[in-house]
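**Q** Would you mind keeping the following structure in view while I ask a few things?
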Amino acid sequence: MAANVIVLDFGAQYNQLIARRIREAEVFCEVLPGNTSAQRVSQKQPAAIVLSGGPASVFEPEAPQIDPGVFELGVPVLGICYGMQLMAHVLGGVVKPAREREYGRTEMRVSQASALLHDVPDRSVVWMSHGDQVLALPRGFEKLAETARTPIAAMGDPVRNLWAVQYHPEVHHTEAGMRVFTNFLYNISHIQADWKPVNVIGEAVAQVREAVGAGRALVALSGGVDSAVAAAIAREAIGDRLSAVLIDHGLLRAGEVQEVQQAFSNIDLHIVDAGNEFMTALEGVTDPEQKRKIIGREFIRAFERVQSVIGHRDVLIQGTVYPDVIESGGKGAQTIKSHHNVGGLPDNVAFKVVEPLRWLFKDEVRRVGQALGLPDVLVWRQPFPGPGLAVRIVGEVTPEKVQVLREADAIVREEMEQAGWDRTVWQAFAVLLDLRAVGVMGDARTYGYPVVVRAVESQDGMTADWVRLPYELLDRIASRIVSAVDAVNRVVYDITSKPPGTIEWE
Ligand code: XMP
Numbered sequence: 001m002a003a004n005v006i007v008l009d010f011g012a013q014y015n016q017l018i019a020r021r022i023r024e025a026e027v028f029c030e031v032l033p034g035n036t037s038a039q040r041v042s043q044k045q046p047a048a049i050v051l052s053g054g055p056a057s058v059f060e061p062e063a064p065q066i067d068p069g070v071f072e073l074g075v076p077v078l079g080i081c082y083g084m085q086l087m088a089h090v091l092g093g094v095v096k097p098a099r100e101r102e103y104g105r106t107e108m109r110v111s112q113a114s115a116l117l118h119d120v121p122d123r124s125v126v127w128m129s130h131g132d133q134v135l136a137l138p139r140g141f142e143k144l145a146e147t148a149r150t151p152i153a154a155m156g157d158p159v160r161n162l163w164a165v166q167y168h169p170e171v172h173h174t175e176a177g178m179r180v181f182t183n184f185l186y187n188i189s190h191i192q193a194d195w196k197p198v199n200v201i202g203e204a205v206a207q208v209r210e211a212v213g214a215g216r217a218l219v220a221l222s223g224g225v226d227s228a229v230a231a232a233i234a235r236e237a238i239g240d241r242l243s244a245v246l247i248d249h250g251l252l253r254a255g256e257v258q259e260v261q262q263a264f265s266n267i268d269l270h271i272v273d274a275g276n277e278f279m280t281a282l283e284g285v286t287d288p289e290q291k292r293k294i295i296g297r298e299f300i301r302a303f304e305r306v307q308s309v310i311g312h313r314d315v316l317i318q319g320t321v322y323p324d325v326i327e328s329g330g331k332g333a334q335t336i337k338s339h340h341n342v343g344g345l346p347d348n349v350a351f352k353v354v355e356p357l358r359w360l361f362k363d364e365v366r367r368v369g370q371a372l373g374l375p376d377v378l379v380w381r382q383p384f385p386g387p388g389l390a391v392r393i394v395g396e397v398t399p400e401k402v403q404v405l406r407e408a409d410a411i412v413r414e415e416m417e418q419a420g421w422d423r424t425v426w427q428a429f430a431v432l433l434d435l436r437a438v439g440v441m442g443d444a445r446t447y448g449y450p451v452v453v454r455a456v457e458s459q460d461g462m463t464a465d466w467v468r469l470p471y472e473l474l475d476r477i478a479s480r481i482v483s484a485v486d487a488v489n490r491v492v493y494d495i496t497s498k499p500p501g502t503i504e505w506e
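Here UniProt numbering is used: position 90 in the sequence shown is 90, and no number is missing along the way.
Rendered as structure tokens:
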């Protein structure tokens, strides 16, 4: 895929949002590590470059650096937050630690007309998150905006086409954030808006065909939308030379195996019942990261076993999506959780891995799935983590706890669907806690597990807000769980957003 825009990533958790906004503007972009050389960037022939934010201070010895040559490519550059400080620092401005960190919503005042802030209201709300600030402009730059605590909230050099904002135009709390991107992409960089997610279908089909040649391929289905769409693309590419495998690790939701079976009746599908192996491997394990690693390892083992049954396949199709690619990039951003579906294959695997969706975000994958004619029940399925219910059982995973959680989760999903909420939320599910609470039922004391209900709205899983579900719905969910699921005597609702919480509990 040739990208119009290169986003250089300096490690902020919000970085993927920058890529999302650019794609919403119908411009294709690629995220590369912040220290990518100017030569490599220029080989990609971008029409524009964006420097992301990041947690570092330009003064730290370990702070991510930029190749100064990037500013001399003659390509328009937009620096965001750390990207602005880096731009100022490298080009001879003055960056200093601010007296107080500025965090959250702030009013910004535009101080001068500019191409970057064209049509941004004179006063508008922006989202700030920084410790350092630019105090003196580099030569050739003009100040474009300020806030009460940030003397230079935006700056630009119209001659060299270098622009920067101290705030985060990519987060939705910034009122005219999208305007900054469209100004930069369309007016400053003269890029045409013509990219759509379905554009990748042709290329992805060709990629699979080329990789498989006259051979055969295998796809691992998880029941989720990503692997389903990857399978649909592969089927389109190579027809019945595609086989599919579903590893049932015993940690899937109620009814899931059957649903996958039904939806993929047109594919040579092998369902592997590996529940016992996974459960044995998880015995006594309580640490979340260890759970994830064990599941990743067992997954590979199960996969190797089925491979020996099915026979040799030249290519493995994986439903890796762009956030996985960026998150596993191994640069700046901290590892919050290891995702088991990426990079989890052993070095000695005998097949080539093809990832037809590696350029797409989740909602883009859905649009591709729709275009390929997949049924709604699959296309609109909520994301479900590869390690399954294991990361929703705090503490040790046992078959009994899986059963308890599965029942509670089925109730949550059923009630959400009946109330018409299932498609408006990103995810709604139950979590089983590793502690017990006292209750009373039918005059008798109970000592049972609490279940947490979590419902979040999100665009891409990177940030999320808890959903204000109606009390009546919460009430129905809670009373049904407590009366139908024996071991549970209490239901609580999780009202934590992301950040600071993650969506899954582990
Ligand atoms: P967190 O919990 O990190 O989750 O806020 C963000 C999104 O990713 C999903 N998730 C996973 N998906 N393999 C996956 O395929 C995983 O290991 C994994 N862990 C979390 C999670 O459900 C949410 O949508």
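Yeah, the Cβ is synthetic: ideal placement off N, Cα and C, and Gly gets one too.
Taking only three categories from DSSP, how would you classify R490?
**A** strand
**Q** Taking only three categories from DSSP, how would you classify Y82?
**A** helix
**Q** Quick one: is the Cβ of Q45 within less than 8 Å of any heavy atom of the ligand XMP?
**A** The answer is no for Q45.
**Q** Does the region 387 to 403 touch the region 281 to 297, meaning 3 or more C-beta pairs lie closer than 8 Å?
**A** yes
**Q** Hey, would you say L267 sits closer than 9 Å to I233, going by beta carbons?
**A** Sequence check: residue 267 is Ile here, not Leu. Contact: no.
**Q** How many angstroms separate the CA atom of A3 from the CA atom of W359?
**A** 10 Å
**Q** If distances are taken between C-alpha atoms only, which option among L473, D226, R413, I247 comes closest to P323?
**A** Considering only alpha carbons, the answer is D226.
**Q** Would you report the Cα separation of A204 and L316, rounded to the nearest angstrom?
**A** 14 Å
**Q** Can T147 and M108 be called in contact, C-beta distance under 9 Å?
**A** yes
**Q** From the DSSP output, read off the bridge partner residues of L221.
**A** For L221, which the question treats as bridged, DSSP gives the partners L246.
**Q** What's the gap between the Cα of R101 and the Cα of Q133?
**A** 9 Å
**Q** With respect to 8 Å, is the separation between the Cβ of K498 and the closest non-hydrogen atom of the ligand XMP below this value?
**A** yes
**Q** Please name the residue, chosen from P121, A390, S129, that lies closest to I294 on a Cα-to-Cα basis.
**A** A390
**Q** Would you tell me roughly how many angstroms separate the C-alpha atoms of A63 and M87, rounded to the nearest one?
**A** 13 Å
**Q** With a Cβ-Cβ cutoff of 9 Å, do V125 and H173 count as a contact?
**A** It is a contact, given that the beta carbons lie within the stated cut-off.
**Q** By alpha-carbon positions, which one of R216, G131, V306 ends up nearest to F59?
**A** G131
**Q** Can you tell me whether V377 is buried or exposed? The criterion is at least 16 other CB atoms within 10 Å of its CB, across all chains shown.
**A** exposed
**Q** Quickly, what does DSSP pair W466 with across the bridge? List them, please.
**A** DSSP output for W466 lists V456 as bridge partner(s).
**Q** Reducing DSSP to helix, strand and coil, say where T280 ends up.
**A** helix
**Q** Out of curiosity, what's the CA-to-CA distance linking V453 and D157?
**A** V453 and D157: Cα-Cα distance of roughly 50 Å.
**Q** Under 8 Å: does the beta carbon of I152 sit that close to some heavy atom of the ligand XMP?
**A** I152 Cβ: outside cutoff for every heavy atom of the ligand XMP.
**Q** Give the range of the alpha helix (DSSP H) segment to which E504 is assigned.
**A** Per DSSP, E504 belongs to no alpha helix (DSSP H) and is neither H nor E.
**Q** Of all the options V27, G255, Q262, which has the alpha carbon lying nearest to the alpha carbon of Q192?
**A** V27
**Q** Note down, one range per segment and in chain order, each beta strand (DSSP E) of at least 3 residues found wholly within the region 180 to 237.
**A** 217 to 221
**Q** Where I221 and E277 are concerned, what is the direct C-alpha to C-alpha distance, given to the nearest angstrom?
**A** Correcting the residue identity first, residue 221 is Leu in this sequence and not Ile. Rounded to whole angstroms, L221 to E277 spans 19 Å at the Cα level.
**Q** Quick check: what's the CA-CA separation for Q418 versus P470?
**A** Our two residues, Q418 and P470, have alpha carbons roughly 13 Å apart in a direct line.
**Q** Taking 6 Å as the limit between beta carbons, can you name the residues of its chain near G74, skipping five residues before and five after?
**A** none
**Q** For R253, does the count of other Cβ atoms within 10 angstroms reach 16, so buried, or fall short, so exposed?
**A** With 16 or more other Cβ atoms inside 10 Å of its own Cβ, R253 counts as buried.
**Q** Identify whether L17 lies in helix, strand or coil by the three-state DSSP scheme.
**A** If DSSP states are grouped into helix, strand and coil, L17 belongs with the helices.
**Q** How many Å lie between E210 and T320 at the Cα?
**A** Taking the straight line joining both Cα atoms gives about 19 Å.
**Q** Does the contact criterion of 3 or more C-beta pairs under 8 Å hold for the region 422 to 430 versus the region 456 to 468?
**A** The region 422 to 430 makes contact with the region 456 to 468, as at least three CB pairs between them are under 8 Å.
**Q** For Y449, list the residues DSSP reports as bridge partners.
**A** V488
**Q** If you measure from the CB of E504, is any heavy atom of the ligand XMP nearer than 8 Å?
**A** yes
**Q** By Cβ distance below 6 Å, which residues in the same chain neighbour L185 in space, the five residues on each side in sequence not counted?
**A** A25, V27, I191
**Q** Measuring alpha carbon to alpha carbon, tell me which of I6, Y447, G275 ends up nearest V402.
**A** G275
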